[in-house]
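Trainee: Take this structure first; my questions come after.
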Amino acid sequence: MKKVNIIGLGAGDLEQLPLGVYRALKNASHLFLRTKEHPAVKELEIEGLAYTSFDSIYEKHEQFEEVYEEICAYLLEASSQEEVTYAVPGHPLVAERTVQILLQRGPEQGITIEIGGGQSFLDALFQALKIDPIEGFQLLDGTELKKDEIKIKQHMIIGQVYDQFVASEVKLTLMEILPYDYDVYIVTAAGSKEERIRKVPLFELDREVELNNLTSVYVPPVSDAALLYKDFSKLRQIIAELRGPNGCPWDKKQTHESLKKYLIEEAYELIEAINEEDIDHMIEELGDVLLQVLLHAQIGEDDGFFSIEDVIEGLSEKMIRRHPHVFGNSTAETEAEVLKNWQEIKNEEKGAPLDDKSLLDGVGKSLPNLMAATEIQKKAAKVGFDWKEVGPALEKVKEEIREFEIEAERNSDKMTNEFGDILFAFVNIARFYDINAEEALFQTNQKFKRRFSYVEKKVKESGKEFADYQLEQLDQFWDEAKEKGY
443 MKKVNIIGLG AGDLEQLPLG VYRALKNASH LFLRTKEHPA VKELEIEGLA
493 YTSFDSIYEK HEQFEEVYEE ICAYLLEASS QEEVTYAVPG HPLVAERTVQ
543 ILLQRGPEQG ITIEIGGGQS FLDALFQALK IDPIEGFQLL DGTELKKDEI
593 KIKQHMIIGQ VYDQFVASEV KLTLMEILPY DYDVYIVTAA GSKEERIRKV
643 PLFELDREVE LNNLTSVYVP PVSDAALLYK DFSKLRQIIA ELRGPNGCPW
693 DKKQTHESLK KYLIEEAYEL IEAINEEDID HMIEELGDVL LQVLLHAQIG
743 EDDGFFSIED VIEGLSEKMI RRHPHVFGNS TAETEAEVLK NWQEIKNEEK
793 GAPLDDKSLL DGVGKSLPNL MAATEIQKKA AKVGFDWKEV GPALEKVKEE
843 IREFEIEAER NSDKMTNEFG DILFAFVNIA RFYDINAEEA LFQTNQKFKR
893 RFSYVEKKVK ESGKEFADYQ LEQLDQFWDE AKEKGY
């Protein structure tokens, strides 16, 4: 019969090995060990235990997955000739990747995989560290540790910390969210006579020389509130509390409508930080933009309509759907191809346009008007309604200015329309030169504010009032500000 019997060596020495597992090891006609580096194996060797170890395979590969694949391939091949027994540290179904591979591949090849007994290393760890898992704990793989999976408010046990390289990777990942000197515990051979627990600051984790396949790292839950500020759930909790019964009066009275102006303001302040290439300012302003998103999501949750999970889910689905060249089978080698695919998918999602529907109906009604003008012109340009070069567009600006001058001389009601035509024509120029008209005007506004503040400062220093100055004198202050780079 094609069969692999899998048993666990437990977490400790021979005295803790269940009788059934002991007999299975002693009676196995052909015993394979993932590793011989285990307290029970050392004692069983004295009793004359015969086995084949896979330790040498670890030296052949750079990735653990490659090691596990070769071990499983060997076992499946061997079991096609005779029934074999495979022993692993701990319990076969706890933190044992090779067992999961065998459970998947065995049935595909007509090979029966049978799981025997074994004691998990978790019980020994909980006892050694004196922690109660009901408080919440995570068991993570040190060879595949990902920052986004870590919950720092729970007990965290990181297994598979075989050597200094894995310990270094674990350390670097943890230091992205925890202080460099946060206390962690290195637990080796828990539950055996060789059990050892050592507390070290996080930055020293990979300096421990006794790391082996019986080593786990324990990270205590974070209790310091300040250390939780990087945690998204903590931020969400803060926003919920601000909107709660005992929260802030201002936050509690906000609505989607009342927050609109703040979202616009924060977006432009972020743009200013980007233009200034000020990283600290960018971090602050990105936080302010995120605050607006979370406030809207919390209002949606308070009203029973949607939550931040709905926002994240919708965004995740859209990103995957609109990037088939990344998450699917499509290809897109250039930015133009990406944008073309994006627009086609977007059109499919919104349905085929009706015959009586304009191409311009898709322009957002709430966009600032300079941005709206840009989008209108882009959509018209896509069907060929556009100049091929900037020359005619510049002439159009001059034409619109002349028409405005005529209406201005007449003090005509058409002045507003003609002025709007000038702005629209200037947006067209900006588009030809790949200038964001809205951002350009924002920068000019900020520049005017800086220079005018300088003029105000000079007037104040003089001890006079603005009314005491002629415009020409104020212009001198303005020119000074300009020369000084304001």
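Everything in the sequence shown is counted per this note's numbering, starting at 443 for the first residue and increasing by one. Glycine included, C-beta positions come from ideal geometry on N, C-alpha and C. Just so you know, these numbers come straight off a predicted model, no measurement behind them.
Note down, in chain order, each residue of its chain lying with its Cβ closer than 8 Å to the Cβ of residue 869, except the 5 sequence neighbours on either side.
Mentor: By 1-based counting over the sequence shown, the position of residue 869 is 427. The residues are 812, 815, 816, 819 and 879.
Trainee: Once the 5 residues before and after residue 537 are set aside, which same chain residues still bring their CB inside 7 Å of it?
Mentor: Numbered from its first residue, the sequence shown carries residue 537 at position 95. Around residue 537: 581, 583, 601 and 602.
Trainee: In this structure, does DSSP put residue 557 in helix, strand or coil?
Mentor: Locating residue 557 in the sequence shown gives position 115, where the first residue counts as 1. Strand, per DSSP.
Trainee: What ranges does the beta strand (DSSP E) occupy inside the region 697–736, keeping only unbroken runs of at least 3 residues that lie completely in it?
Mentor: Fully enclosed beta strand (DSSP E) runs of 3 or longer: not present.
Trainee: Around the Cβ of residue 785, are there at least 16 other Cβ atoms within 10 angstroms (buried) or fewer (exposed)?
Mentor: Counting from one through the sequence shown, the residue named residue 785 turns up at place 343. Exposed is the call here.
Trainee: Give me, in chain order, the residues of the same chain whose beta-carbon lies closer than 6 Å to that of residue 780; leave out the 5 immediate sequence neighbours on both sides.
Mentor: Position 338 of the sequence shown holds residue 780. Here the set comprises 774.
Trainee: Helix or strand or just coil, what does DSSP make of residue 496?
Mentor: By 1-based counting over the sequence shown, the position of residue 496 is 54. Looking at residue 496 - three-state DSSP - the assignment turns out to be coil, as it is neither helix nor strand.
Trainee: According to DSSP, what are the bridge partners of residue 938?
Mentor: No information on residue 938 is available, as it lies outside the stretch 443 to 928 that the chain covers here.
Trainee: Mind reading off the beta-carbon distance from residue 639 to residue 626? Whole number of angstroms is fine, and I expect it under 8 Å.
Mentor: Translated into the one-based positions of the sequence shown, residue 639 becomes position 197. Translated into the one-based positions of the sequence shown, residue 626 becomes position 184. Not a contact, Cβ separation roughly 11 Å.
Trainee: Determine the closest residue to residue 463 out of 861, 486, 479 and 445, with distance taken between C-alpha atoms.
Mentor: Sequence index remark: in the sequence shown, residue 463 carries index 21 (1-based). That would be 486, whose Cα lies nearest to the Cα of residue 463.
Trainee: Please work out which residues of its chain come closer than 7 Å, Cβ to Cβ, to residue 672, disregarding the five sequence neighbours upstream and downstream, and give them in chain order.
Mentor: Numbered from 1 along the sequence shown, position 230 holds the residue referred to as residue 672. The answer, listed in chain order, is 619.
Trainee: What residue does the beta strand (DSSP E) around residue 805 start on, and which one ends it?
Mentor: As a first step, residue 805 must be located in the sequence shown, where it is residue number 363. Here residue 805 belongs to no beta strand (DSSP E), and DSSP marks it neither H nor E.
Trainee: Checking contacts by CB at 9 Å: is residue 524 closer than that to chain C?
Mentor: Absent here is chain C; the protein component of the structure consists of one chain.
Trainee: Contact check, residue 526 vs residue 472 under 8 Å by CB: the rounded distance?
Mentor: Stepping through the sequence shown from its first residue, residue 526 is reached at position 84. Stepping through the sequence shown from its first residue, residue 472 is reached at position 30. 5 Å between Cβ atoms; contact.
Trainee: Go ahead and pull the three-state DSSP assignment for residue 590.
Mentor: Looking up residue 590 in the sequence shown gives position 148. If DSSP states are grouped into helix, strand and coil, residue 590 belongs with the helices.
Trainee: Pull up the distance between the alpha-carbon of residue 699 and that of residue 732, whole angstroms please.
Mentor: In the sequence shown, counting from the first residue as 1, residue 699 sits at position 257. In the sequence shown, counting from the first residue as 1, residue 732 sits at position 290. Going from the Cα of residue 699 to the Cα of residue 732 covers about 17 Å.
Trainee: In chain order, what residues of the same chain lie with their CB nearer than 6 Å to the CB of residue 503, ignoring the 5 residues before and after it?
Mentor: Reading the sequence shown from its first residue, position 61 is the one you call residue 503. So the qualifying residues of the chain are 509.
Trainee: With DSSP run on the structure shown, which of helix, strand or coil describes residue 595?
Mentor: By one-based count along the sequence shown, residue 595 stands at place 153. Reduced to three states, the DSSP call for residue 595 is coil.
Trainee: For residue 616, tell me which candidate among 561, 661 and 918 has the shortest Cα-Cα distance.
Mentor: Within the sequence shown, residue 616 is the residue found at index 174, counting from 1. The shortest C-alpha separation from residue 616 is found at 661.
Trainee: Which residue marks the beginning of the beta strand (DSSP E) containing residue 450, and which one marks its end?
Mentor: Position 8 of the sequence shown holds residue 450. From DSSP, the beta strand (DSSP E) with residue 450 extends over 445–450.
Trainee: Can you find the residues in the same chain that come closer than 6 Å, C-beta to C-beta, to residue 571, ignoring five residues on each side of it along the sequence?
Mentor: As a working note, residue 571 is residue 129 in the sequence shown. Closer than 6 Å at the Cβ level, and outside the excluded window around residue 571, lie 660.
Trainee: Are the beta-carbon atoms of residue 884 and residue 716 separated by less than 9 Å?
Mentor: Start at 1 with the first residue of the sequence shown, and residue 884 comes out as number 442. Start at 1 with the first residue of the sequence shown, and residue 716 comes out as number 274. No, the Cβ-Cβ distance between residue 884 and residue 716 is not below 9 Å.
Trainee: DSSP state of residue 530, grouped into three classes?
Mentor: Position 88 of the sequence shown holds residue 530. Three-state DSSP puts residue 530 in a strand.
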